[in-house]
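Worksheet: the structure to be examined is printed underneath.
Below you can see the structure in the form of structure tokens.
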């Protein structure tokens, strides 16, 4: 099993993710060893489906992924690291569906970033990491494409960010995609943080659920974090940029699912409200994401007769 090498870059903040995480690469033809397949079970509308996160550590009979930095993984239809072929990826069609997982981020604190997100890969060029990767930061040695950050965070914060690519950003004529993200939804310290002072204690297990709700032809993304009797609900959209992600991103066609864990000393753009503005040092503690499920949303209630 191999991983692609890292190269230092001069980017800051969220732009460091692709440079601070590394993909798993198999042999010359993407082959994997017996214990490297990353077989993952996902419950889809009550039925168990088998997919793969090649190179990932899978526990609890295929239902739990253990994350340690600095790796990122791709959700695949078969156990291969041949990322050049689109047909190898499992690309869920999320509009009209809800994605739910259980998360444990105990001691995964300031400077850590555990994430799952969608990108329009693969691109034709292999790129510096040899994995045909792309995202909304549009690095010259990586591909440029739409990116929807379903979730990224640590035990201090959780955030959802949309990076559509409409090539029309005022004040940023060089941007093909919205590098900062629009819209963005973030949990406040009162809603989510480590310890008992917030509604959701990020150091204890919680359930993350994200509904891709269609309101007519428009998309709204509703994220719910639940812990016991406590619940935080955040809503994104409808908006023009989210609609661009739906149509040209393209969520309605399906995008590659990426998940991983990276670290940086300047993760303050994500967790500064709790962690402050100084240099950060991620603990490197393992994170766990388990009980993966994708369910079809119930039909929206129809208005009655007047």
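In the working numbering, the protein residues as written are 19 to 324.
All C-beta atoms, glycine included, are put in the ideal place defined by N, C-alpha and C.
Original post:
Within 10 angstroms of its Cβ, does residue 149 collect 16 or more other Cβ (buried), or is it exposed?
Top reply: Residue numbering aside, residue 149 sits at position 131 when the chain shown is read from its first letter. Result: buried.
**OP:** Mind checking which residues open and close the alpha helix (DSSP H) that includes residue 262?
**Re:** Stepping through the chain shown from its first residue, residue 262 is reached at position 244. First-last of the alpha helix (DSSP H) with residue 262: 258-262.
Original post:
Run through DSSP, which three-state label would residue 284 get?
Top reply: Stepping through the chain shown from its first residue, residue 284 is reached at position 266. Coil.
Original post:
How many Å lie between residue 161 and residue 282 at the Cα?
Top reply: For the purposes of this step, residue 161 is identified with residue 143 of the chain shown, where counting begins at 1. For the purposes of this step, residue 282 is identified with residue 264 of the chain shown, where counting begins at 1. So the two alpha carbons sit approximately 22 Å from each other.
Original post:
Where does residue 79 sit, in a helix, a strand or coil, going by DSSP?
Top reply: Locating residue 79 in the chain shown gives position 61, counting from the first residue. In the structure shown, residue 79 sits in coil (DSSP, three-state: anything other than H, G, I, E or B).
**OP:** Return helix, strand or coil for residue 84, following the three-state DSSP convention.
**Re:** Taking the chain shown and counting its residues from 1, one reaches residue 84 at position 66. In the structure shown, residue 84 sits in a strand (DSSP, three-state: E or B).
Subject >> Helix, strand or coil at residue 249 [DSSP, three-state] >> reply: Start at 1 with the first residue of the chain shown, and residue 249 comes out as number 231. Residue 249 falls in the strand class under three-state DSSP.
**OP:** Measure the CB-CB distance between residue 225 and residue 78 and report whether it falls below 7 Å.
**Re:** Working through the chain shown from its first residue, we reach residue 225 at position 207. Working through the chain shown from its first residue, we reach residue 78 at position 60. It is not a contact, given that the beta carbons lie outside the stated cut-off.
Original post:
Which residues in the same chain as residue 143 place their Cβ atom closer than 8 Å to its Cβ, once the five residues preceding and following it in sequence are excluded?
Top reply: Taking the first residue of the chain shown as 1, we reach residue 143 at position 125. 150 and 161.
Subject >> Candidates 311, 278 and 261, of which the one nearest residue 92 by Cα >> reply: Against the chain shown, residue 92 aligns to sequence position 74. With distances taken between Cα atoms, residue 92 lies closest to 278.
Original post:
Going by beta carbon distance, what residues of the same chain come within less than 6 Å of residue 329, once the five residues before and after it are set aside?
Top reply: Outside the shown range of the chain (19 to 324) lies residue 329, about which nothing can therefore be said.
Original post:
Just checking my contact of residue 315 with residue 260 at CB under 8 Å: how many whole Å lie between their CB atoms?
Top reply: Position 297 of the chain shown, counted from the first residue, corresponds to residue 315. Position 242 of the chain shown, counted from the first residue, corresponds to residue 260. About 17 Å; that fails the 8 Å criterion.
Subject >> residue 99: first and last residue of the uninterrupted beta strand (DSSP E) it sits in >> reply: As a first step, residue 99 is located in the chain shown; it is residue number 81 there, counting from the start. Where residue 99 is concerned, there is no enclosing beta strand (DSSP E), given that its DSSP letter is neither H nor E.
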